[in-house]
Amino acid sequence: MKKLDDLLVDGMKIYQDDGLYKFTSDSVLLSRFARAKKNEIAADFCAGSGIVGLHFYALNRRVIRSLELFEMQKELFELSKESIALNNLINVTAHLTRLQDIGGEFTEKFTLILCNPPYFSKEKAQSEPLCTALCKYELAITLEEVVQISAKCLRFGGRLCMVYPSERLAELMYLLKKYKLEPKRLMPVAGAGKVYSVLVEAVKGGKAGLKIELPAKN
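Residues in the sequence shown are numbered consecutively from 25, following our numbering.
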């Protein structure tokens, strides 16, 4: 069942559907972790219903030039389109596409990419609805593809901000370095007495030097 959720920022609202994958608190933490710059040209990869991008927009609408959402599942894409229309966002666009199919017009376009990708390898996939499994497991896209495509779509000096499980941090760091995205900020996310995920910002062509920030509490 489709319903409206209040973003509690700037009066914006977002549609969710109880029958589809619903966003978690990690998405909100990511939108708060990312730091907007003036005239930001931003993208939300693996956008789902648009929570990361739209919440980031609500927090920073006065400095964002444009925001583009990319989602491969039609039902979630339609929810994001309805939320964009509901909030009268003229500089926000949603795209129904696989990230692997993004065209050349997006090469080196963005100053910032936000991404809450599938967390788990396809080998860990459980028996559950496909719409949920695609959001949780690497059935349609891998971490390496996400990083590689992000590097292609970022301008030099552009940032990639991601949230990812802490148990796969070493893999994430390796891939960021491989595609010339230098990790610059890392914030652990703690809950129930342990760190379970991390927020990471990497800069395309950035110099070495990683700042570890105090943990966020979920």
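Note that CB positions come from ideal geometry on N, CA and C, so glycine has one too.
List the residues that DSSP assigns as beta-bridge partners of residue i.
i    : result
Q40  : K27
K148 : Note: K148 sits in no beta bridge, so no partner.
L91  : A66, V116
L138 : D68, C185
A240 : V213
Y161 : F144
Would you kindly work out how many angstroms separate the C-alpha atoms of residue i and residue j, rounded to a whole number?
i    : j    : result
T166 : V227 : 20 Å
V219 : P212 : 6 Å
G230 : K26  : 42 Å
K208 : L234 : 4 Å
V170 : L44  : 22 Å
D34  : T156 : 29 Å
D50  : A240 : 10 Å
K146 : L163 : 5 Å
Can a CB atom of chain C be found closer than 8 Å to the CB of residue i?
i    : result
Y220 : Here chain C cannot be found, since the structure has a single protein chain.
What is the C-beta distance between residue i and residue j, in whole angstroms, given that I count them as a contact (C-beta under 8 Å)?
i    : j    : result
K37  : N111 : 7 Å
L138 : A66  : 7 Å
K160 : F144 : 6 Å
L223 : F57  : 4 Å
F101 : A118 : 6 Å
Quiz item: Considering only residues of the region 164-236, which uninterrupted beta strand (DSSP E) runs meet the minimum length of 3 residues and lie entirely inside it, listed in chain order?
Solution: 178-189, 205-215, 218-228, all fully within the region 164-236.
Practice problem: Could you say if the region 137-156 and the region 172-182 meet the contact criterion of at least three C-beta pairs nearer than 8 Å? | Solution: yes
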